[in-house]
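S.K.:
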DNA sequence: GCCAATGATTCCCC
DNA sequence: GGGGAATCATTGGC
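In the UniProt record's numbering, the protein residues as written are 1 to 361.
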């Protein structure tokens, strides 16, 4: 370090301070040898000033402060600083400067593109994202997957919010830190040679550090989205057999409406609700309207294809519903006898109407 | 492991 | 858009 300083002093003693007057009128006491030739006198001046700077740390605090103040007010200070800055530029810093123009990181670009495609970064599209729709489409889902769809969107929105909050925090911290460092360097530039370029470089370094942190955030956000997507799609792709109770409810409806096994939207909703209640008691899953539609679609075709095979099942449900109907009628009669005459209880479901003929076309 | 059952998906038609 | 038909893919019993 001392060798470096000595080298700099040596170098400076031969430097021409272009554009700066170095003659007389100094804030400090006149240096020795001032009466010599003009060139020699200047060299001697600079040598003395540098000597004072170098020895400032060896003095007491008060002395040093006084000397520092004197040096700060010295009319040659700007010239000296500019030369020192020039030397710094020409030495190590210029090498670092060459590394500044980094090409855009391809990994960062990939992450940015992905976050944009998933709807995490960039403008929000209706609270969800095109990706949600794309995911639904990729899974081949029909229009009615609202439960899973909204769930996916809600989680994606959550990720989006966390991402933006964190990003904002990083940006704020980056700005605060940059301002702090810049102020510090500006303050220090009064006592040591710091060029604006150097400050710029320092800002660049800080920004790069913070963007590497941001990259980590982007990476973990991408991972979170990937996990969410895979879970969402897996949940849709995996087939789960309906519970026994759910199948019974659907079969009861099917065989009791064999003449017209096409439940209305309301009936489908009601069936889905009923099935979900029974299923949730057992497995913990819900059945959607589209699943009910699928079930009836499959059932109609399979029944039609092989009526013989399903005959036994049809009889079973016919008997079962007949018993239920008998009980309902008995209860109604009993009820009418006990109270005033009322209409027989038609039950929560549809009246059984089993027919031997197949009306599916 | 095989195979029937079954829920889901896709394509096509009306 | 809903339904039929074919097909895929998974489940569960043997």
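Ideal Cβ placement from N, Cα and C applies to all residues, glycine included.
All of these numbers come straight from a predicted model, not from anything done at the bench.
(1) Roughly how far, in whole angstroms, is the beta-carbon of residue 221 from the beta-carbon of residue 170, given that I think they are within contact range, below 8 Å?
(2) By Cβ distance, which residues of its chain are closer than 6 Å to residue 292, with the 5 residues on each side in sequence left out?
(3) Rounded to the nearest angstrom, what separates residue 178 and residue 212 at their Cα positions?
(4) Can you tell me whether residue 274 is buried or exposed? The criterion is at least 16 other CB atoms within 10 Å of its CB, across all chains shown.
(5) When you compare only the Cα positions, how much space is there between residue 189 and residue 111?
(6) Closest to residue 49 by CA distance: which of 62, 69, 61 and 60 is it?
(7) Quick one: Cα of residue 55 to Cα of residue 172, how far?
(8) Roughly how many angstroms separate the alpha carbons of residue 64 and residue 57, rounded to a whole number?
(9) Examine the ligand NAP and report whether any of its heavy atoms sits within less than 6 Å of the Cβ of residue 202.
(10) Starting from residue 245, follow the alpha helix (DSSP H) in both directions and report where the run begins and ends.
(11) Over what stretch of residues does the alpha helix (DSSP H) that includes residue 87 continue unbroken?
(12) Using the Cβ count rule (16 or more neighbours within 10 Å means buried), how would you classify residue 83?
(13) Quick check: residue 263 and residue 300, are their CB atoms within less than 7 Å of each other?
(14) According to the neighbour-count rule (16 or more other Cβ atoms, all chains shown, within 10 Å of its Cβ), is residue 298 buried or exposed?
(15) Under 8 Å by Cβ, that's how I've got residue 310 and residue 303 pegged, so tell me the actual separation to the nearest angstrom.
M.R.: The structure says:
(1) Incorrect: roughly 12 Å between the Cβ atoms, too far for contact.
(2) 268, 271 and 272
(3) 15 Å
(4) buried
(5) 39 Å
(6) 69
(7) 41 Å
(8) 7 Å
(9) The ligand NAP is not among the ligands present in this structure, which contains no ligands whatsoever.
(10) 244-256
(11) 77-88
(12) buried
(13) no
(14) exposed
(15) 5 Å
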